[in-house]
Amino acid sequence: MRNRLRLARAAGAVAVAALALTACGTASSGSGDGKPAVVASTDVYGAIAQAVAGSDATVTSLFANPTGDPHEFEPSAQDTLKVKKAAVLVYNGGHYDAYMEQAAEGTSAAKVDAVSLQSPKAENEHVFYDLPTVQKVAAAVAKALAEKDAAHREGYESRATAFATKLDTVIGQARAIGQANPGAKVAATEPVAGYLLTLAGLTDVAPARYTAAIESGTDPAPADIAAANALVSEKQVRAVVLNAQTESPVTSALAKTAETAGVPVVRVTESLPAGVDDYIAWQGGNVKALSDALAPRP
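Listed below in structure tokens is the structure:
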């Protein structure tokens, strides 16, 4: 998987950054305006944290590039300094954002690790598409902030509750897809949105070796490419789900096959798209895209 391939690079980057911080002294856990500082590994987790923090805390996301690949992100010395000074850290865990896990070692910050909140645990590292777990993340952020800033406890808790309520609506919309399309099959080039597809009652039938190769950043074997293309060209699936941030010649070719066959293509991302800064809006858009793709056609 790409996370394993990048661990050595991330570890080296964090080590270099740590050396740059040795003369910085004891880090504070607040921002310059006295508010508790929250640092998130990506803008997705930053958006979740912001929904809870409101104006009572400052939120910074280390990775916030709608066209980049978060798997390739390497933190700078300044990024690591932000982590060391944070009151609360919010990240995926499970080695998805290993740079954050390593930079967080030895800090006094409260740590909100999404993978640790997931129950039952699963292999797919893209926990930010597991909407019920994201509700737990928001609650954990509220608890962590309240412990650091008791004066604003009520605000943190009420905003986390409001976030969970809004996400309940999106969860209901996702489940409605499966209810309207029982037994529907899709082909995902990577398991990025796997939790959302499961929530929506959709079965991903893409060849396992195909998706494993794409996720690891390599080309699938010709036989696996042929099998994936056959699923689409023969309309054995209702939609193709493609990771727009890691599109390659192989996945672009599959999308082209889908377009030729009249099979809808749904593009998903691992960070917030340009112009979107709200987690609920982002996932609501993903659910709508899936719903539209599976809608009956004249």
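In mature numbering (1 follows the signal peptide of the UniProt record, and there is no 0), the protein residues as written are -29 to -1, 1 to 269. Backbone N, C-alpha and C fix where the C-beta goes; we use that ideal spot for every residue, glycine too. Model, not experiment: these values are computed from the prediction.
Since V212 and A229 are thought to touch, with beta carbons under 8 angstroms apart, how far apart are those beta carbons, to the nearest angstrom? Residue 212 sits at position 241 when you count from the first residue of the sequence shown. Residue 229 sits at position 258 when you count from the first residue of the sequence shown. V212 to A229, Cβ: 10 angstroms. No contact.
Might you give, ordered along the chain, the residues of its own chain that have their beta carbon closer than 6 angstroms to the beta carbon of A20, omitting 5 neighbours on each side? Counted from its first residue, the sequence shown places residue 20 at position 49. Setting aside the 5 residues that flank it on each side, A20 is surrounded in the same chain by V9, A11, V30, V61, V112, each with a C-beta closer than 6 angstroms to its C-beta; the list follows chain order.
Apart from the five residues on each side of it in sequence, which residues of its chain come closer than 7 angstroms, Cβ to Cβ, to residue 325? There is no way to answer for residue 325, as the model of the chain reaches only from -29 to 269.
Would you say D139 lies against chain B (beta-carbon separation less than 9 angstroms)? Annotation note: the requested chain B is absent from the structure, which comprises a single protein chain.
Under 8 angstroms by Cβ, that's how I've got I142 and L102 pegged, so tell me the actual separation to the nearest angstrom. Translated into positions along the sequence shown, residue 142 becomes position 171. Translated into positions along the sequence shown, residue 102 becomes position 131. The beta-carbon distance between I142 and L102, rounded to whole angstroms, is 5 angstroms. This is short enough to meet the 8 angstroms contact definition.
Going along the chain, which residues of its own chain have a beta-carbon closer than 7 angstroms to the beta-carbon of A109, five neighbours each way excluded? Mapped onto the sequence shown, residue 109 falls at position 138. If we look at A109 and ignore the five residues flanking it on each side, its Cβ neighbours are I19, A22, V23, A131, F134, A135.
Kindly indicate which residue of G5, A93, G25 has the alpha-carbon position closest to the one of D249. In the sequence shown, the residue the question calls residue 249 occupies position 278. For D249, the nearest C-alpha among the options comes from G25.
When DSSP builds the beta bridges, which residues end up paired with T29? Residue numbering aside, residue 29 sits at position 58 when the sequence shown is read from its first letter. Per DSSP, A8.
Within the continuous alpha helix (DSSP H) that includes A145, where are the two ends? In the sequence shown, counting from the first residue as 1, residue 145 sits at position 174. If you look at A145, you'll find it in the alpha helix (DSSP H) that goes 124 to 151.
Rank Y100, T104, T189 by C-alpha distance to the C-alpha of L88 and give the top, closest one. Locating residue 88 in the sequence shown gives position 117, counting from the first residue. Ranked by Cα distance from L88, the options Y100, T104, T189 are led by T104.
Which of helix, strand or coil DSSP assigns to D263: Here residue 263 corresponds to residue number 292 of the sequence shown, with the count starting at 1. In the structure shown, D263 falls within a helical segment according to DSSP collapsed to helix, strand and coil.
P267 burial status per 10 Å Cβ neighbour count (16 or more: buried): As a working mapping, residue 267 is identified with position 296 in the sequence shown. P267 should be labelled exposed.
Just reading off the alpha helix (DSSP H) that D14 is part of, what are its end residues? Mapped onto the sequence shown, residue 14 falls at position 43. Here the alpha helix (DSSP H) through D14 covers 14 to 24.
CA nearest to the CA of K53, picked from A226, L33, A69: In the sequence shown, counting from the first residue as 1, residue 53 sits at position 82. When only C-alpha atoms are compared, the closest one is L33.
Hey, quick one: how far does the beta strand (DSSP E) through L213 stretch, first residue to last? On the sequence shown, residue 213 is found 242 positions in, with the first residue counted as 1. Run containing L213: 210 to 214, per the beta strand (DSSP E) assignment.
Express the C-alpha separation of N152 and R209 in angstroms, rounding to a whole number. Counting from 1 along the sequence shown, the entry for residue 209 is found at position 238. Counting from 1 along the sequence shown, the entry for residue 152 is found at position 181. If I take the Cα positions, the gap works out to 10 angstroms.
How big is the Cα-Cα spacing for P37 and Q216? One-based indexing of the sequence shown puts residue 37 at position 66. One-based indexing of the sequence shown puts residue 216 at position 245. P37 and Q216 have their C-alpha atoms spaced approximately 7 angstroms apart.
Roughly how many whole angstroms lie between the Cα atoms of E45 and Y100? Indexing the sequence shown from 1 puts residue 45 at position 74. Indexing the sequence shown from 1 puts residue 100 at position 129. Each residue's Cα considered, the two are about 23 angstroms apart.
When you compare only the Cα positions, how much space is there between A171 and V98? Within the sequence shown, residue 171 is the residue found at index 200, counting from 1. Within the sequence shown, residue 98 is the residue found at index 127, counting from 1. Answer to the nearest angstrom: the Cα atoms are 15 angstroms apart.
Sequence-distant residues of the same chain with beta carbon closer than 6 angstroms to I185, five excluded per side: Taking the first residue of the sequence shown as position 1, residue 185 is located at position 214. Sequence-distant partners of I185 (beyond 5 residues in either direction) whose C-beta falls short of 6 angstroms from its own C-beta, in its chain, are T160, E161.
Leaving out five residues before and five after K206 in sequence, what residues of the same chain have Cβ atoms less than 7 angstroms from its Cβ? Within the sequence shown, residue 206 is the residue found at index 235, counting from 1. Within the same chain, K206 has close Cβ partners A232, V234.
Inter-residue CB distance, V157 and L168 (contact presumed, cutoff 8 angstroms): Here residue 157 corresponds to residue number 186 of the sequence shown, with the count starting at 1. Here residue 168 corresponds to residue number 197 of the sequence shown, with the count starting at 1. With 8 angstroms as the limit, V157 and L168 qualify as a contact, their Cβ atoms being about 6 angstroms apart.
I'd like the list of long-range same chain contacts for A117, defined as Cβ closer than 7 angstroms, with 5 residues on each side in sequence excluded. In the sequence shown, counting from the first residue as 1, residue 117 sits at position 146. Cβ contact annotation for A117 (same chain, cutoff 7 angstroms, sequence separation greater than five): R124, Y127, E128, in chain order.
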